[in-house]
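Chains A and B, in that order, are what the protein sequence lines are.
The first sequence maps to residues 16 to 440 in the numbering used here.
The second sequence maps to residues 16 to 440 in the numbering used here.
Here a beta-carbon is modelled for each residue, glycine too, at the ideal position from N, C-alpha and C.
These notes are about the structure you will find just below.
Protein chains: 2
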Amino acid sequence: MGKTILAVATAWAMVAGAMAAPAFAQTQSSEAAAFQTSLRADLDGQYDQVIADLVRITETPAPPFKESARAALVAQMLRDAGLDNVTIDAEGNVLALRPGTEEGPVFVVSAHLDTVFPEGTPIKVTRDGDRLFAPGIGDDSLGLASMLAWVRHLENKALATRQPILFVATVGEEGAGDLRGVRHLFTQGAYKGRIGAFLSIDNTNAGRIVHAAVGSRRYRVTFNGPGGHSYGAFGIVNPMAAMAETVRGIYAIEVPSDPKTTYAASMVSGGTSVNAIPDKIELQIDMRSSHPADLAKLEQAVLAAAETAVAGENAARDTKDGTITLVAELIGDRPAGMTPADHPLVQTAYTASQAAGFKARLDDSSTDSNIPMSLGIPALTIGSGAGGGRTHSTEEYLNIGRERFVAGLSVGLAVILAQTKVRPR
Amino acid sequence: MGKTILAVATAWAMVAGAMAAPAFAQTQSSEAAAFQTSLRADLDGQYDQVIADLVRITETPAPPFKESARAALVAQMLRDAGLDNVTIDAEGNVLALRPGTEEGPVFVVSAHLDTVFPEGTPIKVTRDGDRLFAPGIGDDSLGLASMLAWVRHLENKALATRQPILFVATVGEEGAGDLRGVRHLFTQGAYKGRIGAFLSIDNTNAGRIVHAAVGSRRYRVTFNGPGGHSYGAFGIVNPMAAMAETVRGIYAIEVPSDPKTTYAASMVSGGTSVNAIPDKIELQIDMRSSHPADLAKLEQAVLAAAETAVAGENAARDTKDGTITLVAELIGDRPAGMTPADHPLVQTAYTASQAAGFKARLDDSSTDSNIPMSLGIPALTIGSGAGGGRTHSTEEYLNIGRERFVAGLSVGLAVILAQTKVRPR
Chain A
16 MGKTILAVAT AWAMVAGAMA APAFAQTQSS EAAAFQTSLR ADLDGQYDQV IADLVRITET
76 PAPPFKESAR AALVAQMLRD AGLDNVTIDA EGNVLALRPG TEEGPVFVVS AHLDTVFPEG
136 TPIKVTRDGD RLFAPGIGDD SLGLASMLAW VRHLENKALA TRQPILFVAT VGEEGAGDLR
196 GVRHLFTQGA YKGRIGAFLS IDNTNAGRIV HAAVGSRRYR VTFNGPGGHS YGAFGIVNPM
256 AAMAETVRGI YAIEVPSDPK TTYAASMVSG GTSVNAIPDK IELQIDMRSS HPADLAKLEQ
316 AVLAAAETAV AGENAARDTK DGTITLVAEL IGDRPAGMTP ADHPLVQTAY TASQAAGFKA
376 RLDDSSTDSN IPMSLGIPAL TIGSGAGGGR THSTEEYLNI GRERFVAGLS VGLAVILAQT
436 KVRPR
Chain B
16 MGKTILAVAT AWAMVAGAMA APAFAQTQSS EAAAFQTSLR ADLDGQYDQV IADLVRITET
76 PAPPFKESAR AALVAQMLRD AGLDNVTIDA EGNVLALRPG TEEGPVFVVS AHLDTVFPEG
136 TPIKVTRDGD RLFAPGIGDD SLGLASMLAW VRHLENKALA TRQPILFVAT VGEEGAGDLR
196 GVRHLFTQGA YKGRIGAFLS IDNTNAGRIV HAAVGSRRYR VTFNGPGGHS YGAFGIVNPM
256 AAMAETVRGI YAIEVPSDPK TTYAASMVSG GTSVNAIPDK IELQIDMRSS HPADLAKLEQ
316 AVLAAAETAV AGENAARDTK DGTITLVAEL IGDRPAGMTP ADHPLVQTAY TASQAAGFKA
376 RLDDSSTDSN IPMSLGIPAL TIGSGAGGGR THSTEEYLNI GRERFVAGLS VGLAVILAQT
436 KVRPR
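The structure is reproduced here in structure tokens:
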């Protein structure tokens with residue numbers, strides 16, 4: 016045991032040392048490579064277990080807002096892996112604290128429970144060669160199974176970390192979940208104000224390091240009007256025209272390409288009959304940017320476009336039966352944020368990814384890390400494993416070729432060990 | 016019997032004579048009034064029967080495209096009223112020929128079988144004072160029940176008309192039915208080319224004389240595009256933007272107010288998720304005018320607006336994943352037309368309506384008469400009865416206060432007798 020701890024401690028120094036070199040330019044040291052090799056050897060021994068966990072987790076459905084069955088399973092699996100302080104919080108997140116040798120802020124290691132697949136979607140894992148197929152197998156069963164492997168690594172080797180680690184399986188990462196789990200964790204839960212850094216495992220490529228949070232603001236904009244007979248009431252204001260002018264106004268907005276800032280008029284519905292002027296049109300709009308100020312500026316421009324369109328319609332046509340009114344309802348809010356590329360957490364992940372043989376690259380995305388990044392708490396979302404595809408479709412798959420898969424698994428573990436500073440217990 | 020026939024023949028001369036006077040300015044002659052009084056006396060004797068027929072017809076549902084149960088009932092009721100040549104044509108119309116004393120073009124007297132109410136709508140006639148309540152009671156059960164009363168009048172009095180009368184209960188007058196019944200009658204049925212004039216009974220006010228057919232052209236316009244992720248694919252063409260520009264283009268079209276010409280962007284739908292650029296947006300558009308050339312011009316402008324919008328969108332944004340394409344599908348086609356205000360049929364109806372004590376007025380609408388009017392065949396849609404309301408709603412009602420109701424019933428009969436030139440059989 017002493018030997019392993021020494022090796023880990025030495026490797027930590029290697030990884031930490033690498034961080035001092037010009038960012039991302041250095042070649043990996045032989046010591047870091049040796050460290051990765053030792054981690055991989057252990058994780059290789061867990062390969063069959065990880066695959067079995069993947070299947071078990073995946074086949075326990077976790078539709079949006081209905082993650083409780085999978086939460087209960089993961090809580091039990093965390094206990095089975097050796098943790099004895101496992102709870103489920105008020106929002107539905109599974110929390111498992113592994114104490115450190117020192118007091119202080121906790122390091123959160125997380126993956127999300129929910130999938131995008133609605134209740135009733137058939138979910139059965141199938142294998143074809145080196146691929147496992149099933150909805151959600153990579154997004155994010157892999158993150159959950161990886162976390163369990165790492166817990167077993169720490170427990171089986173009785174590794175002590177300086178910093179406490181809070182393992183979290185979150186609810187509501189996808190779509191309408193709107194990051195409700197991680198939001199609760201940081202703003203209402205028992206660990207509010209006590210989280211020092213955050214790591215989310217949420218894609219299938221251990222080379223992808225998401226250090227920038229694409230923020231989004233999503234609106235349902237409803238245009239209400241009097242409505243009427245298409246012939247008899249011709250000439251009165253039409254919410255359809257106000258909606259159209261709004262879309263046109265949005266698509267005339269100029270947005271920066273760096274930081275990438277985007278909008279989409281994505282969904283629309285309204286009207287009851289072809290021969291009636293509608294009394295209501297609903298429009299959904301998505302706006303994104305990794306830069307909060309750009310996102311706020313865009314949002315302001317979009318809402319102004321809607322207001323201008325409504326005022327224009329009320330001025331252009333007859334309002335004797337009523338005016339067009341506007342209700343803009345925020346239906347999605349993912350704050351933007353960033354962990355600087357030169358932050359130790361980013362550099363550690365980058366180095367570990369390279370050491371494991373991955374073509375490391377920094378990226379941006381919208382993940383659970385949006386919340387801590389927006390709060391200025393160092394956070395990162397990285398991949399585990401060695402690729403997959405067709406995410407969010409029922410043809411989703413995961414590559415499980417043993418060597419690369421295990422190499423992918425090792426990256427997150429290396430980051431955890433570096434971040435929490437392994438010390439003998 | 017001879018006396019009645021004489022009275023009718025005399026009254027016809029009165030009505031015909033009134034037509035020579037400056038249109039709509041003359042006061043009713045005492046002879047015409049006496050004629051109306053005699054008709055009312057007979058119809059008053061049928062009052063209880065008409066109310067019973069109304070209830071029976073109304074409570075036999077006739078949803079759009081599912082009029083066969085009511086058709087069978089009305090066919091039997093026409094037989095019971097004394098006609099022996101009753102058939103149902105290929106489209107579902109009920110046809111009952113009452114031969115004239117002379118050969119020649121037939122005079123069609125019609126009402127429509129269908130209602131706007133979907134299958135399963137609860138239909139039970141209730142009475143509150145002088146009102147009968149039920150979906151469809153006025154539109155157009157009243158027309159059908161009126162027709163039956165007039166057949167009984169002709170049969171019971173053994174009145175012979177010069178011109179043959181074809182009583183028709185049509186299918187598909189409402190909405191998506193798109194006048195399919197009357198269209199079949201004039202363009203494909205056994206009486207194609209043999210109809211000299213057409214009278215439709217289709218509103219609850221015997222003072223309303225619809226001599227102008229508001230034509231309509233209705234389109235479902237589908238904007239297709241590649242679609243994609245709202246953030247990842249930002250910059251590609253969006254069918255939503257093309258739809259919006261189309262609506263904007265339409266609402267910039269100037270249309271004449273006389274003849275009244277109108278448009279409405281009435282229904283819209285599309286998009287699958289707030290975070291996706293949609294791959295399809297559907298827009299429904301209604302256009303109307305009583306002037307065929309104005310309607311055609313409007314249609315051309317609307318379709319040009321859509322084409323311009325699509326071309327503009329393909330020029331404005333990236334088409335690497337595909338372009339926006341347009342499918343414009345005609346989903347409604349009611350031809351415009353008019354029977355001139357000084358046509359004998361219009362003047363007869365106007366005079367008869369005034370003689371019965373109604374405030375006669377000429378109007379335009381979209382009814383079964385659209386088809387003959389568009390073909391240049393004299394046609395008219397008039398009301399029967401003495402008012403009602405909330406048409407096309409489940410709170411529809413009909414005024415059945417005896418005296419005014421019977422007066423309303425008499426108007427159509429007076430028109431028929433005048434048109435077909437009653438002669439002893």
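Using a Cβ-Cβ cut-off of 9 Å, PRO293 of chain B is close to ALA279, ALA280, SER281, MET282 and VAL283 of chain A, given in chain order. DSSP places ALA375 of chain A in no beta strand (DSSP E); its state is neither H nor E. In chain order, SER368, PHE373, LYS374, ALA375, ARG376 and GLY398 place their CB closer than 8 Å to the CB of GLY222 of chain A, counting only its own chain and leaving out the 5 sequence neighbours on each side. Here DSSP, grouped into helix, strand and coil, assigns VAL140 of chain A to coil.
Taking the beta carbon of TYR266 of chain A as reference, the chain B residues within 9 Å of it are ASN253, MET255, ALA256, ALA259, GLU260, GLU328, ALA331 and ARG332, listed in sequence order.
Each of B:GLU134, B:HIS199 and B:VAL89 was checked against the Cα of ALA160 of chain B, and the nearest Cα belongs to B:VAL89.
Annotation: the continuous beta strand (DSSP E) that includes GLY285 of chain B extends over 276-285. Residue pairing from DSSP places SER272 of chain A in a beta bridge opposite A:LYS275. In the same chain as ASP145 of chain B, and ignoring 5 residues on each side of it, the C-beta atoms closer than 8 Å to its own belong to ASN414, ILE415 and GLY416, in chain order. Per DSSP, THR75 of chain B has no beta bridge partner at all. For PHE249 of chain B, there is no enclosing beta strand (DSSP E), as DSSP marks it with neither H nor E.
At a beta-carbon threshold of 9 Å, the residues of chain A lying near VAL229 of chain B are TYR246, ordered along the chain. Contact between HIS127 of chain A and ASP217 of chain A holds, with the beta-carbon distance rounding to 6 Å and staying under 8 Å. A straight line joining the alpha-carbon of THR261 of chain A with that of TYR234 of chain A spans about 13 Å. The three-state reading of DSSP puts TYR365 of chain B in helix, counting H, G and I together. Close partners of ILE296 of chain A in chain B (Cβ separation under 9 Å): VAL283. PHE80 of chain A has no beta-bridge partner at all, per DSSP. Here LYS295 of chain B is bridged, per DSSP, to B:ASN239.
Residue contact with chain A for SER288 of chain B: present (Cβ-Cβ distance below 8 Å to some residue of chain A). At least one CB of chain B lies nearer than 8 Å to the CB of PHE249 of chain A.
The three-state secondary structure of GLY427 of chain B, taken from DSSP, is helix. ALA316 of chain B and ILE265 of chain B have their alpha carbons spaced roughly 8 Å apart. Not a single C-beta of chain A is nearer than 8 Å to the C-beta of ASP154 of chain B. Taken in chain order, the unbroken stretches of beta strand (DSSP E) that lie wholly in the segment 316-354 of chain A and span 3 residues or more are 340-349.
Taking a C-beta distance under 8 Å as the contact criterion, LEU341 of chain A and GLU322 of chain A qualify as a contact pair. The continuous stretches of beta strand (DSSP E) do not include ARG209 of chain B, and DSSP gives it neither H nor E.
The beta carbon of GLY204 of chain B sits closer than 7 Å to the beta carbons of ASP104 from its chain, once the five residues preceding and following it are set aside; these are given in chain order. A distance of 8 Å or more separates the beta carbons of ILE300 of chain B and SER288 of chain B. The criterion of a C-beta distance shorter than 8 Å is not satisfied by SER125 of chain A and LEU69 of chain A. Residue-level contact check: ASP59 of chain A does not touch chain B, since none of the beta carbons of chain B fall below 8 Å from its beta carbon. Of the residues A:PRO355, A:ALA371, A:ARG349 and A:HIS407, the one whose Cα lies closest to the Cα of ASP383 of chain A is A:ARG349.
Using a CB distance below 8 Å, the part of the segment 301-320 of chain B facing chain A consists of ASP301 and ARG303, ordered along the chain. Counting the other CB atoms within 10 Å of its CB gives ALA84 of chain B a total below 16, which places it among the exposed residues.
GLY135 of chain A sits exposed, since fewer than 16 C-beta atoms from the chains shown fall within 10 Å of its C-beta.
In the three-state reduction of the DSSP assignment, VAL101 of chain A falls in the strand class. Contact between MET353 of chain A and PRO293 of chain A does not hold, since their C-beta atoms are separated by about 42 Å, which reaches or exceeds 8 Å.
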